[in-house]
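The structure under discussion appears below in the form of structure tokens.
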Amino acid sequence: MTDTIVAPATAPGRAALGIVRVSGPQARGVACALLGPAKLEPRRATARLARRAGEAVDRVVAVFWEGGDSPTGEDLLEISAHGSPDILSELVSAALEAG
2 MTDTIVAPAT
12 APGRAALGIV
22 RVSGPQARGV
32 ACALLGPAKL
42 EPRRATARLA
52 RRAGEAVDRV
62 VAVFWEGGDS
72 PTGEDLLEIS
82 AHGSPDILSE
92 LVSAALEAG
């Protein structure tokens, strides 16, 4: 597959935490756009400030998997954020804008 997909991975509604996943060839670029240029070490949870157009969205925990080592078989970025629907929507929008 050559598409990169982004979607919430948790049920809609308010919760303590919510997850957004980005899977596909642009996942690493999306990670850089949202979380900054410092490389994420594969399979290691890393706290970062997620941004959209330079503005802070939320303090998140991100995990990046490289292609053959991920649950999807592709590069995969998983972002755990506060579970507000508004925050998750901002993260999805930021990911779509980035790639």
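Here the numbering used here = 1-based position in the sequence shown + 1. Note that the Cβ used here is the ideal one computed from N, Cα and C, for glycine as well.
Where residue i falls, given that 16 or more other Cβ within 10 Å makes a residue buried
i	result
E75	buried
R29	buried
A1	For the chain, the structure presents residues 2 to 100; residue 1 sits outside this window and is missing.
G37	exposed
D59	buried
A17	exposed
T5	buried
L97	exposed
A32	buried
A39	exposed
Beta-ladder partner(s) of residue i, from DSSP
i	result
G19	A82
E56	R53
A63	T47, I80
A8	R22
Selected residue, minimal CA-CA separation from residue i, among the options
i	options	result
A95	S85, A16, E56, F65	E56
V62	G68, R53, I80	I80
L91	V64, R53, S71, P26	For the sequence presented, residue 91 should be read as Glu rather than Leu. Nearest option by C-alpha distance: R53.
R45	V64, D70, T11	V64
A51	P26, P43, L78	L78
G69	R49, P86, S24, L41	S24
Distance between beta carbons of residue j and residue i, contact taken as under 8 Å
i	j	result
I20	P9	7 Å
P86	R22	In fact, because the Cβ distance is near 16 Å, the residues do not count as touching under 8 Å.
The alpha helix (DSSP H) enclosing residue i, as first and last residue numbers
i	result
A34	28-36
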